[in-house]
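Trainee:
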Amino acid sequence: MFEKVLIANRGEIALRIHRACKEMGIQTVAVHSTADADAMHVRLADEAICIGPPAPKDSYLNIPAILTAATLTRADAIHPGVGFLSENARFAQMVEDHGIAFIGPTPHHIRVMGDKVAAKDEAKRLGIPVVPGSDGAVETEEEALKLAKEIGFPLIIKAAAGGGGRGMKVASKMEEVAQAWAICRTEAKAAFGDDTVYMERYLSRPRHIEVQVLGDGKGSCINLGERDCSIQRRHQKVIEEAPSPALNATQRAQIGETVNKAISEMGYRGAGTIEFLYEDGEFFFIEMNTRLQVEHPISEMVCGIDLVREQIKVAAGIPLAFSQEDITFNGHSIECRVTAEHPETFMPTPGKITDYHAPGGLGVRVDSQLYSGYSVPPYYDSLVSKLVVHGANRNECLMRLKRALDEYVIGGIQTTIPLHQKIIAQKPFIDGDYDIHWLEKWMGLK
Ligand code: ADP
1 MFEKVLIANR GEIALRIHRA CKEMGIQTVA VHSTADADAM HVRLADEAIC
51 IGPPAPKDSY LNIPAILTAA TLTRADAIHP GVGFLSENAR FAQMVEDHGI
101 AFIGPTPHHI RVMGDKVAAK DEAKRLGIPV VPGSDGAVET EEEALKLAKE
151 IGFPLIIKAA AGGGGRGMKV ASKMEEVAQA WAICRTEAKA AFGDDTVYME
201 RYLSRPRHIE VQVLGDGKGS CINLGERDCS IQRRHQKVIE EAPSPALNAT
251 QRAQIGETVN KAISEMGYRG AGTIEFLYED GEFFFIEMNT RLQVEHPISE
301 MVCGIDLVRE QIKVAAGIPL AFSQEDITFN GHSIECRVTA EHPETFMPTP
351 GKITDYHAPG GLGVRVDSQL YSGYSVPPYY DSLVSKLVVH GANRNECLMR
401 LKRALDEYVI GGIQTTIPLH QKIIAQKPFI DGDYDIHWLE KWMGLK
C-alpha cells in the first residue's frame, strides 16, 4: 500500500480524500494556492506545499508545480480529485512517467472518454445505446444543416471537449441551426481549446440517470447502482438521489448488466460513471466520466462501500475484494449541493463564515470545507458543502433531509440552503416525479 498520497485538489473533495487516506494509515500531502493557505484540508494534511497564486492555471492546473511537490515530498501516488486535472490524460501519463501512481484510470481510457465524440463511438462499439445524432463531428455549416433535417427538432449541439454543463446549444428550428453551430464552436474553442462539435436529438423530458462503476484493471468490473441527477440548473446537478425513483428492479438489473459488460470489455481500472438520459423506459448514453463524481457519497451510503478507499486500493494494484453478487443496496440516500451563491439570483457570495453549525445525527453526513472563521475565496467553484442523508426508505430520507437542512447554520454569507428547502417541499420532488427540465421550469427560468 502507498505510504504517502498527494492530493491535487482543494475544497470538500480534498478533505474527503484526506479522510480516506487517514483511515488507511496513509500520510497526506496537501498542495494549495496562496488563496487556500487556511483551508481545512491544508491544516489537517501531514504536509502542505504552496504551488502558486490563486488563478487555477497557476496552481491547481500547474502540472510542473504539482509534480515538483510530489517529488520533493516523495509521495508515491497522486489523487486528482474532481475537476481540475482529474480528466487530463497528459497529466495522468506524466505522473506515471515520474514513477508515481495515478489514482484513476489509465491515460488511454481518460483520453478516449474525454472526447465525447470518441466516447459515443466507443459506447456504441461496446453495445451501449446512445442518443441518436450525428455519427461523429459536424465540421461544416452545410453538414450541420443536412444533419439537422435528419435528426429533427429540437436538437442540441455539443462540444466534444465539453464539461461542467458548458459548451451546449439547443436549436428548436432550422433557422437557428447555423448560428447555434457557429456559436457552439466559438465557445468551445474559447473554453476548451477545441472547436470540435457534434449534434444529437434534444430529449424533451428525460431523467439523468448515471451508473457508478468500479474496475480493478485485472478483469473485475462491477457497478454500485445508479444515481438520479435530474434536479439540474443550467445542465448542472443540484440534488441527486440513489436509487432512482423512476427505475424498477428489472430495469436496474438490465442497465447494470449492459454497463458491466462494457467496462469489462474495456478492462477499466478505477472509479467511473456512465451517464445516461432515460426517457420512456429507454436509456441513451451521453458520456462517461473517468473519475470520482461530486455525488459519489449517495452511492457509498446505499452500498456501504468507501469509493475513495477502493480507488486507492485499485491504484496500488490490489484486486477488488468483492464481485457484483456481493453488492447489496440498503435504503435511500439524497445529496444537496450547497453553494456559496444567492439562493434566488445565484450571484456568487464569497466571504467570511461568521457562524457554523453542521447538522448531525443518525444518517446525516456533511462533506464540507467550511468552519467558523473560514473565508470562502472568490476564485473557485462555489460548492461549499454536500449535505448527504440516508434513510431506510425514500420517505424517511426526505424527512431526515428536511430536518438536517433546517438545522444547518452557515452564517456570514448567503448560500443555496433556502432553495434546497423549497425544492424538497414541492410535490413533484416528494413524488419523485421530475425530469431534467423540472427545476428550471418551476423556477420560472424556462
Ligand atoms: P457535461 O459533460 O457538461 O456535464 P453532459 O453531456 O453530461 O455534459 O450533459 C449534461 C446535461 O445536459 C445532461 O444531464 C442533460 O441535462 C443535458 N443534456 C445533454 N445532452 C442532452 C440531450 N441530447 N437532450 C437533452 N438534454 C441533454
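Residue numbers (full-length UniProt numbering): 1 to 446.
Each residue gets a CB set at the ideal place from its N, CA and C atoms; glycine is no exception.
No experiment lies behind these values; they were computed from the predicted model shown.
Out of Asn248, Gly164, Asp406, which has the shortest C-alpha to C-alpha gap to Phe84?
Mentor: Nearest of Asn248, Gly164, Asp406 to Phe84, Cα basis: Gly164.
Trainee: Using 7 angstroms as the threshold, is the C-beta distance between Glu100 and Ala70 below it?
Mentor: Before going on, a small fix: residue 100 reads as Ile here, not Glu. Yes, Cβ-Cβ distance for Ile100 and Ala70 is below 7 angstroms.
Trainee: Note down, one range per segment and in chain order, each alpha helix (DSSP H) of at least 4 residues found wholly within the segment 399–425.
Mentor: The segment 399–425 contains these whole alpha helix (DSSP H) runs: 417–423.
Trainee: Please identify the residue among His18, Ile26, Cys50 whose C-alpha is closest to the C-alpha of His32.
Mentor: Ranking the options by Cα distance to His32, first place goes to Cys50.
Trainee: Using C-beta distances below 6 angstroms, list every residue in its chain close to Ser244, excluding the 5 sequence neighbours before and after it, in chain order.
Mentor: The answer, listed in chain order, is Ile209, Glu226, Asp228.
Trainee: With respect to the beta strand (DSSP E) encompassing Asp280, which residues constitute its N-terminal and C-terminal limits?
Mentor: No beta strand (DSSP E) holds Asp280; DSSP gives it neither H nor E.
Trainee: Between which residues of its own chain and Val138 is the CB-CB distance below 8 angstroms, once the five residues before and five after are set aside?
Mentor: Contacts found: Ala144, Leu147, Ile157, Trp181, Val197, Tyr198, Met199.
Trainee: Ile222: which of Gly133, Val384, Val130, Ile305 sits nearest, CA to CA?
Mentor: Ile222 has its Cα closest to that of Ile305, out of Gly133, Val384, Val130, Ile305.
Trainee: Ser333 to Asp121, Cα distance in whole Å?
Mentor: So the alpha carbons of these two residues sit roughly 33 angstroms apart.
Trainee: Going by the DSSP bridge assignment, what does Tyr198 pair with across the sheet?
Mentor: DSSP lists Lys158 as partners of Tyr198.
Trainee: Classify Ala77 as helix, strand or coil using the three-state DSSP reduction.
Mentor: Note: Ala77 maps to strand in three-state DSSP.
Trainee: Can you tell me where the beta strand (DSSP E) with Ser333 in it begins and where it stops?
Mentor: Looking at the DSSP string, the run of the beta strand (DSSP E) that includes Ser333 is 332–339.
Trainee: Where Ala55 and Asn395 are concerned, what is the direct C-alpha to C-alpha distance, given to the nearest angstrom?
Mentor: Each residue's alpha carbon lies about 43 angstroms from the other.
Trainee: Excluding the 5 residues flanking His18 on each side, which residues of the same chain have their C-beta closer than 7 angstroms to its C-beta?
Mentor: The residues are Ile7, Thr28, His41, Leu44, Ala45.
Trainee: Measuring alpha carbon to alpha carbon, tell me which residue in Leu307, Glu335, Met1 is nearest Ala322.
Mentor: Sequence check: residue 322 is Phe here, not Ala. Out of Leu307, Glu335, Met1, Leu307 has the C-alpha closest to the C-alpha of Phe322.
Trainee: As a quick check of your reading: which residues have a C-beta less than 7 angstroms from at least one non-hydrogen atom of the ligand ADP, in chain order?
Mentor: Taken from the N-terminal end onward, the list reads Lys116, Val131, Ile156, Lys158, Gly162, Gly163, Gly164, Gly165, Arg166, Gly167, Met168, Glu200, Arg201, Tyr202, Leu203, Pro206, His208, Cys229, Gln232, His235, Glu275, Leu277, Ile286, Glu287, Ile436.
Trainee: Is the beta carbon of Val389 closer than 7 angstroms to that of Phe285?
Mentor: No. Outside cutoff.
Trainee: Going straight from the alpha carbon of Cys303 to that of Lys218, what length do you get?
Mentor: Answer to the nearest angstrom: the Cα atoms are 22 angstroms apart.
Trainee: Does the distance from the C-beta atom of Met288 to that of Ile274 stay below 7 angstroms?
Mentor: A contact, by the Cβ cut-off of 7 angstroms.
Trainee: Report buried or exposed for Glu142, applying the criterion of at least 16 other Cβ atoms within 10 angstroms of its Cβ.
Mentor: With fewer than 16 other Cβ atoms within 10 Å, it is exposed.
Trainee: Let me make sure I understand the geometry here. Which of Leu15, Gly133, Thr349, Asp433 has the alpha-carbon closest to that of Glu150?
Mentor: Selected option, being the one with the closest Cα: Gly133.
Trainee: Rounded to whole angstroms, what is the Cα-Cα separation between Met179 and Arg16?
Mentor: A small fix is needed here, since residue 179 is Gln in this sequence, not Met. Each residue's Cα considered, the two are about 43 angstroms apart.
Trainee: Using only the alpha-carbon positions, how far apart do Glu310 and Gln93 sit?
Mentor: Looking at the two C-alpha atoms, the distance is approximately 21 angstroms.
Trainee: Rounding to the nearest angstrom, what Cα-Cα distance links Arg252 and Thr290 in this structure?
Mentor: Taking the straight line joining both Cα atoms gives about 21 angstroms.
Trainee: Whole angstroms is fine: what's the gap from Glu282's alpha carbon to Gly114's?
Mentor: Roughly 24 angstroms separates the two Cα atoms.
Trainee: If Gly104 sits next to Ile13, beta carbons under 8 angstroms apart, how far is it from one beta carbon to the other, in whole angstroms?
Mentor: Contact doesn't hold; Cβ gap of about 13 angstroms is too wide.
Trainee: Taking the straight line between their C-alpha atoms, what separation do you get for His342 and Pro348?
Mentor: Distance between the alpha carbons of His342 and Pro348 is about 6 angstroms.
Trainee: Tell me, please, which residues DSSP counts as bridged to Lys352.
Mentor: DSSP lists Ser375 as partners of Lys352.
Trainee: Measure the C-alpha to C-alpha separation of Ala39 and Ser372 and round it to an integer number of angstroms.
Mentor: For Ala39 and Ser372, the distance between alpha carbons rounds to 12 angstroms.
Trainee: Tell me whether the beta-carbon of Lys4 lies closer than 7 angstroms to the beta-carbon of Asp76.
Mentor: Cβ distance < 7 angstroms, so Lys4 and Asp76 count as in contact.
Trainee: Would you list the residues sitting across from Cys229 in a DSSP beta bridge?
Mentor: In DSSP, Cys229 forms no bridge with anything.
Trainee: Between Ala340 and Ile413, how many whole angstroms is the CB-CB distance? I'm expecting something under 8 angstroms.
Mentor: With 8 angstroms as the limit, Ala340 and Ile413 qualify as a contact, their Cβ atoms being about 6 angstroms apart.
Trainee: Using the DSSP secondary-structure output, state which residues sit across from Asn223 in a beta bridge.
Mentor: Looking at the DSSP assignment, Asn223 forms a beta bridge with Val213.
Trainee: Could you work out which residue in Arg10, Ile78, Asn62 is closest to Ile312 when comparing CA atoms only?
Mentor: Considering only alpha carbons, the answer is Ile78.
Trainee: Quick one: Cα of Leu277 to Cα of Gly317, how far?
Mentor: Rounded to the nearest angstrom, the two C-alpha atoms are 33 angstroms apart.
Trainee: Which stretch, first to last residue, makes up the beta strand (DSSP E) that contains Gln293?
Mentor: That residue, Gln293, is in no beta strand (DSSP E); it is neither H nor E in DSSP.
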